[in-house]
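Everything below concerns the one structure shown next.
Numbering (this note's numbering), first residue to last: -13 to 615.
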């Protein structure tokens, strides 16, 4: 991706099912759990570099002894910082008390983060403030063990204001309006309510208060708590929580927008945002790793019972396709195949654009997650060449023609390089612009003036980096034409489920559509959509309709692509420029089980998405540069 986009966050949760002595004896280390937690976080570092945090709970600690520990960091290297804080007590103990280091009870009693429940989080802040206090996990504290809640997640709620007002109506006084606080206090409220009910039940029977606590631990119905707390949530989310007494849960939204995977055996329970990380950290077969179903929660009770339970009624399953195209690591075997398929599906359109002249075409990619799709494109080109040779033989063409076909192979070159560590801490805007424009560099001397260059990118969102940097740099190579191919369709609509893409005016496809509307003299359509979007805000949320779709329905996909080409092409370019996009059909064929395509079609999985699209358009018309939800 040439344009920078904020990712959604990442989580990692671990529950050790055996005493610490077990892991010391088998794996030779009392920090086994933390080693795995930090490894899982490191392997998901692509999901968040703004901050990191981790929390640990120790089971069955006597009253008066701390049992919940947390550390968070928003430093330049937050994950390294958090890892060092987690493991420093173990390193110190190994150096100062080597005999006690292998005593599980001593370790648990004396080392800060030696516990059985662990929750890690990687933050990629989409909006709002930054800093350590804004990093997950968050903690809701109480002297009652069962009422302590540690929460971290990967989520955005489209109806956060509505949820806030619900808390106020309950009599609460939330300290701020952030969705994290709203989620935590909503769950906390129904947790308190469930605990109160169990307490009153046994209080009326004359049971001692200390014994009632054990009854609460045994009878607490987390399914009911989560169901009540989240039934009005509108958004994409994976929420992970730990209760002070030792219950753990990870909850996924009903549409399955955000991902979550888990593995468990008799030693350990592990939950992560991505699947390959579990394979790497625990060295377990792919088939043993499960996906948390949409609308379900993985619940691990204090006694180690592992449950996979339905929490919310399912809606149409629409896991995020952009997750597959760009955000997730391509080491997952399914994602790898899907990205190759995205590239393969573009072959026919590319061949048509180069007039089937493979001999005078160079194929490359912008160095990021488009690399795998590039391999798929090349596979498709080889398949085309093989078919041409086969057909020539069947048609008994001349040997010279067959030899010519045999000699032609796609010319593959590595042309674009990114100075990933280049930072732009410069005060002057003009200087910063120049620096950004030179973040990329290219390979010289491999392109001929008669060549066409096909360069594949995973997606084109704003088009600014193409215009300011990439196309200008590539033009120095002296080819006759540059074709930029996006493995994703045109991004037309905002996201509101965890990815930083809520300002519709930033999208080059939307910019192109607006320009075409003006050129065609259809300005009245914009007024109509604007008024319909305003009227939509007075409807019940469930009745909300994406009015902005009408703008794109009035235009052809190809003419939008042509206009995008004009927008992103710098002045004084020598080479001709063409922008090609993936089709919706190609996307669905490649990402068969992940058809959440609202970025491209405007078909949102929740009513809140429609409302966000309308609000984003209203903000655009009213020239308000702010978040749409």
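Every residue, glycine too, gets a C-beta built ideally from N, C-alpha and C.
Worksheet item: Given a threshold of 16 other Cβ atoms within 10 Å of its Cβ, counted over all protein chains shown, does residue 601 qualify as buried or as exposed?
Response: buried
Practice prompt. Identify, in the order they occur along the chain, each residue of the same chain with its Cβ nearer than 8 Å to the Cβ of residue 351, setting aside the five sequence neighbours on each side.
Written response: 357, 359, 360, 402, 441, 442, 443
Worksheet item: Relative to the alpha-carbon of residue 32, which residue among 317, 231, 541, 583 has its alpha-carbon at the smallest distance?
Response: 317
Worksheet item: How is residue 629 classed by DSSP in three states: helix, strand or coil?
Response: Residue 629 lies beyond the range of the chain shown here (-13 to 615); nothing can be said about it.
Worksheet item: Skipping 5 residues on each side, what residues in its chain have a beta carbon closer than 6 Å to that of residue 67?
Response: 59, 61
Worksheet item: Quick one: is residue 247 buried, meaning 16 or more other Cβ sit within 10 Å of its Cβ, or exposed?
Response: buried
Practice prompt. Report yes if the CB atom of residue 550 is closer than 8 Å to the CB atom of residue 498, and no otherwise.
Written response: yes
Discussion item. Please state the DSSP three-state secondary structure of residue 574.
Written reply: helix
Worksheet item: Which runs of the beta strand (DSSP E) spanning at least 3 residues fall entirely within the stretch 268 to 347, listed in chain order?
Response: 282 to 286, 292 to 296
Discussion item. I need the straight-line Cα distance from residue 253 to residue 270, nearest angstrom please.
Written reply: 13 Å
Practice prompt. Would you grab the beta carbon distance between residue 313 and residue 224 for me? Rounded to a whole angstrom, and I think it's under 8 Å.
Written response: Not a contact, Cβ separation roughly 13 Å.
Worksheet item: Can you tell me whether DSSP reads residue 559 as helix, strand or coil?
Response: coil
Discussion item. Can you look up residue 259 in the DSSP assignment and give me helix, strand or coil?
Written reply: coil
Worksheet item: Would you call the stretch 453 to 460 and the stretch 199 to 218 touching, i.e. three or more CB-CB distances under 8 Å?
Response: no
Worksheet item: Using the rule of at least 16 other Cβ atoms within 10 Å of the residue's Cβ for burial, across every protein chain shown, is residue 617 buried or exposed?
Response: Residue numbering for the chain in the displayed model covers -13 to 615; residue 617 lies beyond these limits and cannot be assessed.
Discussion item. Pull the bridge partners of residue 564 from the DSSP assignment, please.
Written reply: 469
Practice prompt. Assign residue 6 to one of three DSSP states: helix, strand, or coil.
Written response: helix
Worksheet item: Under three-state DSSP, which class holds residue 412?
Response: With a pLDDT of only 36 at residue 412, under the threshold of 50, the placement of this residue in the model should not be trusted, and no figure is reported.
Fill in: residue 287 classed as buried or exposed, judged by whether at least 16 other C-beta atoms fall within 10 angstroms
buried
Item to complete: Going by CA-CA distance only, name the one from 51, 16, 178, 63 that's closest to residue 38.
Response: 63
Worksheet item: Hey, would you say residue 618 sits closer than 8 Å to residue 599, going by beta carbons?
Response: This structure cannot settle anything about residue 618, because the visible part of the chain is limited to -13 through 615.
Practice prompt. Report buried or exposed for residue 161, applying the criterion of at least 16 other Cβ atoms within 10 angstroms of its Cβ.
Written response: exposed
Discussion item. Across the stretch 552 to 560 and the stretch 530 to 539, are there enough close Cβ pairs to call them in contact, namely three or more that are closer than 8 Å?
Written reply: no
Worksheet entry | Runs of alpha helix (DSSP H) lying entirely within the stretch 29 to 87, each at least 4 residues, in chain order | 64 to 82
Worksheet item: With 8 Å set as the bound, which would you pick, yes or no: does the beta-carbon of residue 117 sit closer than that to a beta-carbon of chain B?
Response: Of the chains in the structure shown, none is chain B; there is only one protein chain.
Practice prompt. Taking 8 Å as the cut-off, decide whether the C-beta atoms of residue 572 and residue 332 are in contact.
Written response: yes
Discussion item. For residue 402, list the residues DSSP reports as bridge partners.
Written reply: 428
Discussion item. What does the Cβ neighbour count give for residue 48, buried or exposed, with the cut at 16 atoms within 10 Å?
Written reply: exposed
Item to complete: State yes or no: is the C-beta of residue 230 within less than 8 Å of the C-beta of residue 152?
Response: no
Item to complete: Taking 8 Å as the cut-off, decide whether the C-beta atoms of residue 479 and residue 584 are in contact.
Response: yes
Worksheet item: Touch check for the stretch 295 to 313 and the stretch 323 to 340: three-plus C-beta pairs under 8 Å?
Response: yes
Worksheet item: For residue 240 versus residue 301, is the C-beta distance shorter than 8 Å?
Response: yes
Fill in: Per-residue DSSP class, three states only, for residue 504
helix
Worksheet item: Measuring CA to CA, which of 460, 492, 446 is closest to residue 565?
Response: 446
Worksheet item: Whose C-beta lies closer than 8 Å to the C-beta of residue 156 among residues of the same chain, with five residues either side of it excluded?
Response: 175
Worksheet entry | Option in 370, 319, 574, 355 with minimal Cα separation from residue 334 | 370
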